[in-house]
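One structure is given below, encoded as structure tokens.
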Amino acid sequence: MKLGLFYQAWRNLRAKPLQTALSLALLAFGVGMVSLMLLTEKQVNDAFERNIKDIDLVLGAKGSPLQLILANVYHIDAPTGNILQSEAEKVLKHPYIASGIPLAYGDNHEGYRIVGTEHSYVEHYGVTLAEGKLWEAPFEVTLGARVAENLGMGLGDTFFSAHGLTDQTDIHPDKTFTVVGILEPSGSVVDQLILTPMESIWNVHAHEGEVIDPATREITAMLLKKRNPLAVLTIPNVLRETNMQVALPAIEVNRMTQQFGLGTSALRAIAMLIMALSFASIFISVLDNIRARRHELALMRTLGGTPSTLYRLLLLEGGLLSVAGTLLGLLLSRVGLAVLGQVVESQFHYDLSAMSVLRSEWMLAGAAVAVGLLASAIPARGSLRLDISRTLSEA
Amino acid sequence: MVEVQGIRFRYSSESPNMDFPDFACAAGERMLLLGNSGTGKTTLLHLLCGMLRPKAGRLHVASRDLRAASDRELDVWRGSELGIVFQRAHFVQSLSVAENLALPHQLTHGTVPREVMERMGSMMDRLGIAHRADARPHELSVGEQQRASIARALLHRPKVVFADEPTSALDDHNAAAVMDILDREAADATLVVVTHDQRLKDRYSNCVTLVSAQS
Numbered sequence: 000m001k002l003g004l005f006y007q008a009w010r011n012l013r014a015k016p017l018q019t020a021l022s023l024a025l026l027a028f029g030v031g032m033v034s035l036m037l038l039t040e041k042q043v044n045d046a047f048e049r050n051i052k053d054i055d056l057v058l059g060a061k062g063s064p065l066q067l068i069l070a071n072v073y074h075i076d077a078p079t080g081n082i083l084q085s086e087a088e089k090v091l092k093h094p095y096i097a098s099g100i101p102l103a104y105g106d107n108h109e110g111y112r113i114v115g116t117e118h119s120y121v122e123h124y125g126v127t128l129a130e131g132k133l134w135e136a137p138f139e140v141t142l143g144a145r146v147a148e149n150l151g152m153g154l155g156d157t158f159f160s161a162h163g164l165t166d167q168t169d170i171h172p173d174k175t176f177t178v179v180g181i182l183e184p185s186g187s188v189v190d191q192l193i194l195t196p197m198e199s200i201w202n203v204h205a206h207e208g209e210v211i212d213p214a215t216r217e218i219t220a221m222l223l224k225k226r227n228p229l230a231v232l233t234i235p236n237v238l239r240e241t242n243m244q245v246a247l248p249a250i251e252v253n254r255m256t257q258q259f260g261l262g263t264s265a266l267r268a269i270a271m272l273i274m275a276l277s278f279a280s281i282f283i284s285v286l287d288n289i290r291a292r293r294h295e296l297a298l299m300r301t302l303g304g305t306p307s308t309l310y311r312l313l314l315l316e317g318g319l320l321s322v323a324g325t326l327l328g329l330l331l332s333r334v335g336l337a338v339l340g341q342v343v344e345s346q347f348h349y350d351l352s353a354m355s356v357l358r359s360e361w362m363l364a365g366a367a368v369a370v371g372l373l374a375s376a377i378p379a380r381g382s383l384r385l386d387i388s389r390t391l392s393e394a
Numbered sequence: 000m001v002e003v004q005g006i007r008f009r010y011s012s013e014s015p016n017m018d019f020p021d022f023a024c025a026a027g028e029r030m031l032l033l034g035n036s037g038t039g040k041t042t043l044l045h046l047l048c049g050m051l052r053p054k055a056g057r058l059h060v061a062s063r064d065l066r067a068a069s070d071r072e073l074d075v076w077r078g079s080e081l082g083i084v085f086q087r088a089h090f091v092q093s094l095s096v097a098e099n100l101a102l103p104h105q106l107t108h109g110t111v112p113r114e115v116m117e118r119m120g121s122m123m124d125r126l127g128i129a130h131r132a133d134a135r136p137h138e139l140s141v142g143e144q145q146r147a148s149i150a151r152a153l154l155h156r157p158k159v160v161f162a163d164e165p166t167s168a169l170d171d172h173n174a175a176a177v178m179d180i181l182d183r184e185a186a187d188a189t190l191v192v193v194t195h196d197q198r199l200k201d202r203y204s205n206c207v208t209l210v211s212a213q214s
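See the structure below:
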């Protein structure tokens, strides 16, 4: 017969399903919220880092530098405006600049941006082709993996573009785009884009038979890689008299996540409060157990149990609750991340996933179990002072 | 097996002293501690079980000097050498009846051997509660609970069995039946019955009548 303390603790917890469920739920929610925040923070930071990847400077129209970065590196904000391609080429020739990738956009298909660029953009992120080929001629497009998957499009499919970056009302019905290739998923922003030659973007907005003067061709931005660290200081001076600016992705993202941090610290405080409540609930349930089960505990003392037996039993009950609640919380945060990932992906075309347990989560779990044990160890001391004679004489 | 000599007890420094009569009970014998309520029956029982400590006197139970033993020694000693049938049957409610019966073995030895399980099966059979083995204690009738608590007190073959008012709630017929069960199942043990039930007066020749213990 299996009748060890572990089994007894388990049976005692099961005998009080409501109390046990309440303690478990509180702890699971507390741990789950903290771990969800750790996970999203890590995911968001990773995603941001991955997309910055060797982009030192972003050249674009004057305006908010953060907006410039968000629009052109992450494709989650409207661009600051357009700049002349010829002007941008001049910056590219600056000796401190190694290379640059031009981006031109302003249209979308089903909410996915149609970005005119060069093949170097795909090479920059190390994205490979899943099928078909990269775009060559105007109105040929290569789809990011997510776009192809979510819109269910394949090679040879055609579509019209819509003006703007999200709207579907103003469609250009005279220009047909054709899918010639689909990219492998990469976890970078390329997954969410429809890539095409820059000529497609220029031609969509040209009128029938109109030939655009190369001198007036516009692009939205250029992603620059520096040759010399002094570029960061020199280029802004070069641009002073123009309508262009450069922004540093690393600095802007850093600034944004710091602002972001203010919001998460409020959430973190709430999660900590829920965790504190769960420890209080474990504390109270152990305390209540000693009172409600004092006859049982006294009985165990007459059947050969020592005070330390009772203490260990109560500690085990609290410990089981803590461990189970913590594991449940880690599970919950993963479910939460999956749900959040769906929402984020459909709204911002951003992919949050990866289910491995973070180092900080192990620390969180360890701390939760330790505090849970402490929350049961303190009230469980009451079992050491139990007066068995008086308890058993009570009517 | 049970030896009581000049023991005196008081609950606190303000409460009055309680003195108890001397008595003894040899191994395998049966005896009755008879007294009305207020005569310190329960106090004496708790003294005999080592749950209370006398202030003076000599107290030997199941080859142990209770005044010399440590609290921890007494906890283990109770589990292995004593069987206690309480007036009100106490059980661990989250465990089944069979698990409750095996608890003394688990608590003193950390395991329940197969041999004990077999003995439990036949004992529950004889007491007519075998079909209740997997039930929860609160699902049992009062009579079944009492028989289960007798089984638990005897299953680990204690040297001394104390029974506290085993018959007080029962009619004549059932009282006799329960006493027969106790006599039969505790045949190898020393049995001390603490009661106010005058019907049991003539059952055992060794009978100590308690009068008010307070002096």
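Note that the protein sequences, when read in sequence, are chains A and B. Using numbering that gives the first Met the number 0, the first residue of the first sequence is number 0, and each one after it goes up by one. Using numbering that gives the first Met the number 0, the first residue of the second sequence is number 0, and each one after it goes up by one. Cβ atoms here follow ideal geometry from the backbone N, Cα and C, with glycine treated the same way.
Counting other Cβ atoms within 10 Å of its Cβ, B/N173 stays below 16 and is therefore classed as exposed.
Per DSSP, the beta bridge partners of B/Q4 are B/R57. When the Cα atoms are used, B/R29 and A/S382 turn out to be separated by approximately 35 Å. The Cβ-Cβ distance between B/G78 and B/L209 does not fall below 8 Å. With fewer than three CB-CB distances shorter than 8 Å, the stretch 170-178 of chain A does not count as touching the stretch 212-220 of chain A. Residue A/V285 holds the alpha-carbon nearest to the alpha-carbon of A/Q18 among A/S307, A/L2, A/V285. The beta-bridge partner set that DSSP reports for B/V207 consists of B/L32. Judged by beta-carbon spacing, B/L33 lies within the 8 Å limit of B/K200, meaning their Cβ atoms are closer than that value. Contact of A/N44 with chain B by beta-carbon distance below 9 Å is absent, the smallest such distance being about 47 Å. Taking 8 Å as the cut-off, the Cβ atoms of B/G109 and B/W76 do not count as close. Counting only Cβ-Cβ distances below 8 Å, A/M362 has no contacts in chain B at all, with the closest Cβ about 34 Å away. Here A/V237 is near A/V90, since their CB atoms are less than 8 Å apart. Just so you know, the alpha carbons of A/L26 and A/I283 end up roughly 14 Å apart. Among the bridge pairs identified by DSSP, A/A103 is matched with A/G115.
Using a CB distance cut-off of 8 Å, B/T41 counts as an interface residue toward chain A. At least one CB atom of chain B sits nearer than 8 Å to the CB of A/A14. For A/M36, there are no neighbours in chain B by C-beta distance under 8 Å, as the nearest C-beta there is about 37 Å away. Here the alpha carbon of A/I250 sits roughly 18 Å from the alpha carbon of A/P78. Here A/I82 carries a strand assignment [DSSP, helix/strand/coil]. Residues of chain A with a Cβ closer than 9 Å to the Cβ of B/F85 are, in chain order, L298, T301, L391.
Chain A has no Cβ within less than 8 Å of the Cβ of B/M122.
Inside the stretch 18-98 of chain A, DSSP marks whole beta strand (DSSP E) runs of 3 or more residues at positions 56-60, from first to last along the chain. For the stretch 299-326 of chain A, the set of positions with a beta-carbon nearer than 7 Å to some beta-carbon of chain B reads M299, R300, T301, L302, G303, G304, T305, T308 in chain order. Counting C-beta pairs with one atom in each stretch, the stretch 120-130 of chain A and the stretch 184-197 of chain A have three or more that are closer than 8 Å, which means they touch. By alpha-carbon distance to A/G318, the top candidate from A/L296, A/S185, A/A379 is A/A379. Per DSSP, reduced to three states, the secondary structure at A/A147 is helical. Using a Cβ-Cβ cut-off of 8 Å, A/L17 does not count as an interface residue toward chain B, since no Cβ of chain B sits closer than that to its own.
By the criterion of at least three beta-carbon pairs nearer than 8 Å, the stretch 38-45 of chain A is in contact with the stretch 331-344 of chain A.
DSSP places B/V177 inside the alpha helix (DSSP H), whose first and last residues are 171-184. Cβ atoms of B/L190 and B/A162 come within 8 Å of each other, at about 7 Å.
Within the DSSP bridge table, the entry for B/G82 names B/V160 as partners.
Here A/D166 is exposed. Its C-beta has fewer than 16 other C-beta atoms within 10 Å. By the rule that beta-carbons nearer than 8 Å mark a contact, B/A101 touches chain A. Listed by position along chain A, the residues whose Cβ is nearer than 7 Å to that of B/R77 are T301, G303. Residue-level contact check: B/E98 touches chain A, since one or more beta carbons of chain A fall below 8 Å from its beta carbon.
Chain-order list of chain A residues neighbouring B/T107: G303, by C-beta distance under 7 Å.
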